[in-house]
Amino acid sequence: MTRIDQIFSQLRGSGRKGLMPFLCGGYPTLGATAATLGRLGPAGASIVEIGIPFSDPIADGPVIAAAMHEALVAGVTPGGVFEAVKGVRGTTGPGLVAMVSISIVHRMGAGRFVAEAKAAGFDGFIFPDVPLEEAVGLAGTVRDGGMTMSLLIAPTTPPGRAAAIARACSGFVYLLSRTGITGEGAGPMVERLARQIVALRRETDLPIACGFGISSASQVRAVVREAGADAAIVGSALVRAMGDSAAAGRDPVAAAEAMVRDLASGLA
Amino acid sequence: MITASPAQPLSAVPSASGRYGAFGGVYVPETLVSALVQLEEEYRRARSDPAFSAELDALLATFVGRATPLYHAKRLSAYAAERSGRGQAANIWLKREDLAHTGAHKINNTMGQALLTRRMGKRRIIAETGAGQHGVATATAAAHFGLRCDVYMGAEDVRRQRLNVVRMKLMGANVIAVESGSRTLKDATNEAMRDWMASVEGTHYALGSVVGPHPFPMIVRDFQSVIGRETRRQSVEAFGRLPDAVVACVGGGSNAAGIFYPFVDDAGVRLVGVEAGGRSRKPGDHAAPLSFGTPGILHGSLSYVLQTDDGQTADVHSCSAGLDYPGVGPEHSYWKDAGRVTYTAATDDEALDSFTLLARTEGIIPALETAHAIAEAVRLAGQMPCDRHIVVNCSGRGDKDVDEASRLLGLREAGR
């Protein structure tokens, strides 16, 4: 059983829901990423998602795309993110998944990428630009490393295909709460999401985490309580809060902690 | 008993999963997959529908102005002979895509994709553009069919290709200047894909080259292959046989794929693709992934790409906005690795020289993209006997480049 499986098993056992904050690796600095990681568990995060900065993140909206761009300009690399995480990763605390483009994984070699991520303390991966058909080889490499692989299911995914994607996933499935890119604009399509979750539950026992367009405690509540997801993922709002805080000369780590604490209030 | 199976012809790609050998594929967020499936299904239905072919053929004849001529560039050939030091050179022929409506080959693809858009019941079309030729061709098709049209264009290219921005707006398209990243074609493509992520249910993304996720490389190649099919027929009419060599410039690679594909199974026809050699062979100074890159994944497919060791897309440079792209279509990577097509690069300087050369010898001002192919054709012709025939895809006209070329020529003059 992977750490991700254990986390969801404990949540389900106690009737609770999970919060999955997203950090852009190296934004505003690698130090801030590492320091934040240690503070988010107590603030209410079950799993922390760390995005590996990529030059062409087509699924990401302006906030995350700009954060990744800034991190790359500052010289952040996948290896640098791994090092920063390794330094603070304990054996306890929230789960840790890397969201990473296939462009990076392919270039480094899947075997090497998975091994380095594992050594840094990651528990699993989200591959935002790998659809089912291209996931076969990767799935084996990830499984052999004892880690989890979450693929995306979109509002535009037909039911049969969604079931097949869920079968290819481990740890949890990543259900997009709306079409479009990451960002705070349009919120989750809660009714459509609820119907999709009901249908998906008939096909898979895997936990369902929802992301894209979720930026407030009330939206977290809508996704986990009204739509029935197991976890809510919040990215752009948190990345923006950290960036704004750093730009104003305040502590981005404290800003992230405060925001996660507030978002976690939506789980109840 | 072992029976030998005949080798698959090189043209028998892509596979059902969108692969060209190891290259190609579909690396996109799941949100887009259903639209790609829908597009492929609609395209396959359309291709077997005689009414679709008839309508497209009629549009190409009466609206686009096809067939474009195959023109014997005698003074350019004579120049090549003089330059060769051998007193002779092959005959250079120009496939005059510059004479197609809107001034480049791009319209062949956009008319086809606009017809598909209508068949899918979508009312809006979006596009990325580098030099603006694909943007203009998309705006033209959108005006023709009454579709809403938004074109993403890098802010740097908006500056370099101002005239095309005016043309797009005249035809009712909305031009969105992209300020992110390198502010060129790569970034315009990112933004178009992001738009499509949100609008996919009512919008068609008319990709402009043989790049991107399957089925785009196949669809764009097929729509552009009218160039090569006409060239075959016209070559036989003009000089009694197929050409000895075909030369085309390669950015994403759509004009090259269009003229190469119908010749790929003819081993006697040498195929030469010319990339943007830019200022030098140093990383960041050129846009030549087939010449200097490695296989990697960019914009939805596996192909040669210019990347860092970490998989980040590298900076590129070309004087030509249409070639200023770090990737290339997966079928070109397949042809390269199969040894079927030779890929070379022409530098900014060589392209500028050829830009003025073609203007002065033939009275044809080519696009800066096309000028790269002209440079290679003159070089190649000089190595061949005078009874040989080279066809160059004269992929576009250079009106759009006059400002930028005179600026660059002026800078060069000042530097001498």
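Sequence order for the protein chains is A and B.
Sequential numbering from 1 applies to the first sequence in the working numbering.
Sequential numbering from 269 applies to the second sequence in the working numbering.
Even for Gly, the Cβ is constructed at its ideal location relative to N, Cα and C.
Paired residues, beta bridge with residue i - DSSP
| i | result |
| --- | --- |
| N661/B | K363/B |
| G631/B | Answer is none; G631/B lacks a bridge partner. |
| G38/A | G38/A pairs with nothing; no bridge assigned. |
| Q575/B | T581/B |
| M149/A | F125/A |
| T562/B | V573/B |
| H472/B | I393/B |
| G536/B | For G536/B, which the question treats as bridged, DSSP gives no partner whatsoever. |
| Y288/B | F291/B |
| L175/A | I153/A and C210/A |
| T615/B | G546/B |
| F528/B | DSSP, once it has assigned bridges, lists no residue as partnering F528/B. |
| I50/A | L23/A and A98/A |
Closer than 8 Å to chain A by CB, residue i
| i | result |
| --- | --- |
| M465/B | yes |
| V419/B | no |
| D578/B | yes |
| G449/B | yes |
| Y473/B | no |
| G293/B | yes |
| V515/B | no |
| Q575/B | yes |
| S316/B | no |
| R538/B | no |
| V301/B | yes |
| P297/B | yes |
CB contact check: residue i to chain B, cutoff 8 Å
| i | result |
| --- | --- |
| I4/A | no |
| G111/A | no |
| M149/A | no |
| R192/A | no |
| R107/A | yes |
| S46/A | no |
| S103/A | yes |
| G180/A | yes |
| I7/A | no |
| T77/A | yes |
| L176/A | yes |
Buried or exposed (CB count within 10 angstroms, at least 16 for buried), residue i
| i | result |
| --- | --- |
| T687/B | Only positions 269 to 684 of chain B appear in the structure, and residue 687/B is not among them; the question remains open. |
| A544/B | buried |
| G146/A | exposed |
| A319/B | exposed |
| E447/B | exposed |
| L193/A | buried |
| L679/B | exposed |
| R167/A | exposed |
| P188/A | buried |
| D129/A | buried |
| A284/B | exposed |
| P252/A | buried |
| A589/B | buried |
| E191/A | exposed |
| P530/B | buried |
| K390/B | buried |
| T612/B | buried |
| N442/B | exposed |
| G79/A | exposed |
| A280/B | exposed |
| Q651/B | exposed |
| E226/A | exposed |
| T562/B | exposed |
Beta carbon proximity, residue i to chain C, threshold 8 Å
| i | result |
| --- | --- |
| N442/B | Protein chains in the displayed structure are A and B, and chain C is not among them. |
(message) Threshold first: 3 residues or longer. Then list the beta strand (DSSP E) segments lying entirely within the region 182-263 of chain A, N to C.
(response) 208-211 and 231-234
(message) Report the start-end ranges of each beta strand (DSSP E) in the region 385-443 of chain B that is 3 residues or longer and not cut off at the edges.
(response) 392-397 and 416-422
(message) Please identify, using Cβ separations under 9 Å, the residues of the region 385-401 of chain B that lie next to chain A, in order along the chain.
(response) none
(request) Mind checking the region 558-569 of chain B against chain A and listing, in chain order, the residues whose C-beta falls within less than 9 Å of any C-beta there? (result) T562, P563, G564, I565, L566, H567 and G568
(request) Identify each residue in the region 53-73 of chain A for which the Cβ-Cβ distance to at least one residue of chain B is less than 9 Å, and report them in chain order. (result) P53, F54, S55, D56, P57, I58, A59, D60, G61, P62, A65, A66, H69 and L72
(request) Please list the segments of the beta strand (DSSP E) lying wholly inside the region 78-108 of chain A, counting only runs of 3 or more residues, in order along the chain. (result) 95-99
(request) Note down, one range per segment and in chain order, each beta strand (DSSP E) of at least 3 residues found wholly within the region 291-346 of chain B. (result) 338-340
(message) Along the region 82-93 of chain A, where does the CB come closer than 7 Å to a CB of chain B? Name the residues.
(response) none
(message) Along the region 117-143 of chain A, where does the CB come closer than 7 Å to a CB of chain B? Name the residues.
(response) P128, D129, V130, P131, E133 and E134
(message) Along the region 205-220 of chain A, where does the CB come closer than 8 Å to a CB of chain B? Name the residues.
(response) none
(message) Using a Cβ-Cβ cutoff of 7 Å, what residues of the region 581-603 of chain B are near chain A? List them in chain order.
(response) T581
(message) Tell me which residues of the region 653-676 of chain B have at least one Cβ-Cβ distance to chain A shorter than 8 Å, keeping chain order.
(response) none
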